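One structure below.
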Amino acid sequence: MNLKKESLVFMLLVFGSVLCCIGQEQAKPLANHVILIGSDGFGAYAFKKAKVPNLRKMMKNGSYTLEARSVLPSSSAVNWASMIMGSGPELHGYTEWGSKTPELPSKVIGDGNIYPTIFSLVHQQLPETKKGVSYSWGGIGYLFEKNMVDIDFNGKTDEETMQKAIEFILKEKPSLTFIHFDQPDGAGHNIGHDTPEYYKEVEKIDALIGKILSTLEENNLMENTVILFSSDHGGVGKGHGGKTLLEVEIPWIIYGKNISSKGKLESSVVTYDTAATIAYILGLKTPEFWRGKPILEAIKNAEH
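In this note's numbering, the protein residues as written are 10 to 313.
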């Protein structure tokens, strides 16, 4: 090959690399706002007995599975971490129900000095937008980058947590809000799962979700919003953390702009797919080290 041909090949390679990078540019978001609602200890089995009209409205008009799975162990911190970190405990390192720091060294440490969450992606790729966390269980506060959010609120009750989140959403129109409710986990531990008291708390959570939905609709925000509801685990007796389906199976319900109204999903969903799905909706590029994947079956006109 002579020098002229070598130069031409080099130019073609460079041009191809540029095209490749252009093809990897941030995608157009499918919605401007995503609200992730998590309810602690809300097992998928609760739908058999509890009256949850607001969640069923989301299921009817959106997409869902009641067979999504937690990671193991089926307990709190490990699963909340997985939900927003896009990976399981093997990579993020949080392995116990009350983990405040990784028991296993995180495979990757981001700018927030922890394994990168969905909030770090928003912070880096949508720097002009707002994002925040309103939570009832203090353990959530160890699992996201506090230096990258615009609200970090630990409510004393689920009602207070909801109200603070609504105020934030109405004022700031954030791209991402994570709302964590502590019930019905408390009832499950103190009285027992699959008890009248447990279902009473489940129904209270549904009422709070109804308040969020009505507020969004009244303020014309639902037109450009996606709501994703899930949980960290279920339970048996007064505990959880084991390997039964009652502990491992969790609800996964998604509803809103550009979300398919097909109802029940056939896809296998693991809790770390939640972060990847949120990233897809917001048009964010996900890091190679995440293991979650977007649930495209739930997205209108998505290529599977």
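No residue lacks a Cβ here, since even glycine has one placed at the ideal position from N, Cα and C.
Predicted, not measured: the structure shown is a model, and the values here were computed from it.
| Check | Outcome |
| --- | --- |
| Residues bridged to Trp2 by DSSP? | Outside the modelled stretch of the chain, which goes from 10 to 313, sits residue 2, for which no answer is possible. |
| DSSP beta-bridge partners for Val48? | Note on residue identity: the sequence assigns Ser, not Val, to residue 48. Per DSSP, Phe190. |
| If contacts are defined as beta-carbon pairs under 8 Å, then Tyr151 and Lys116 qualify, I think. What distance do you get, rounded to the angstrom? | No, Tyr151 and Lys116 are not in contact; Cβ-Cβ is about 18 Å, not under 8 Å. |
| Please confirm whether Lys139 and Ser184 have their CB atoms less than 8 Å apart. | yes |
| Please state whether DSSP places Ser8 in a helix, a strand or coil. | Past the edges of the chain, shown from 10 to 313, lies residue 8, and the structure says nothing about it. |
| Quick check: the Cα distance between Glu169 and Met231, rounded to an integer number of angstroms? | 22 Å |
| If you draw a straight line from the C-alpha of Ser276 to the C-alpha of Pro303, how long is it? | 10 Å |
| In whole angstroms, what separates the C-alpha of Val43 from that of His101? | 23 Å |
| By DSSP, does Lys140 sit in helix, in strand, or in coil? | strand |
| Which class does Asp6 belong to by DSSP, given the choice of helix, strand or coil? | Because the chain here runs from 10 to 313, residue 6 falls outside it and cannot be looked at. |
| Measuring CB to CB, does Leu75 end up less than 8 Å from Pro260? | yes |
| In terms of residues, what are the limits of the alpha helix (DSSP H) holding Gly219? | 205 to 227 |
| Go ahead and pull the three-state DSSP assignment for Leu185. | strand |
| Quick one: using the 10 Å Cβ neighbour count with 16 as the cut-off for buried, is Ala40 buried or exposed? | buried |
| Is it right to say Ala90 is buried, meaning 16 or more other beta carbons lie within 10 angstroms of its own, or is it exposed? | buried |
| Just to confirm before moving on: does the CB-CB distance between Phe51 and Pro205 stay below 8 Å? | no |
| For Ile290, which of Val257, Asp167, Leu130 has the nearest alpha-carbon? | Leu130 |
| Around the Cβ of Ile160, are there at least 16 other Cβ atoms within 10 angstroms (buried) or fewer (exposed)? | buried |
| Does the beta-carbon of Gly301 have 16 or more other beta-carbons within 10 angstroms, so that it is buried, or is it exposed? | buried |
| Please specify which runs of the alpha helix (DSSP H), each continuous and at least 4 residues long, are wholly inside the region 70 to 126, giving them in chain order. | 85 to 94, 98 to 101 |
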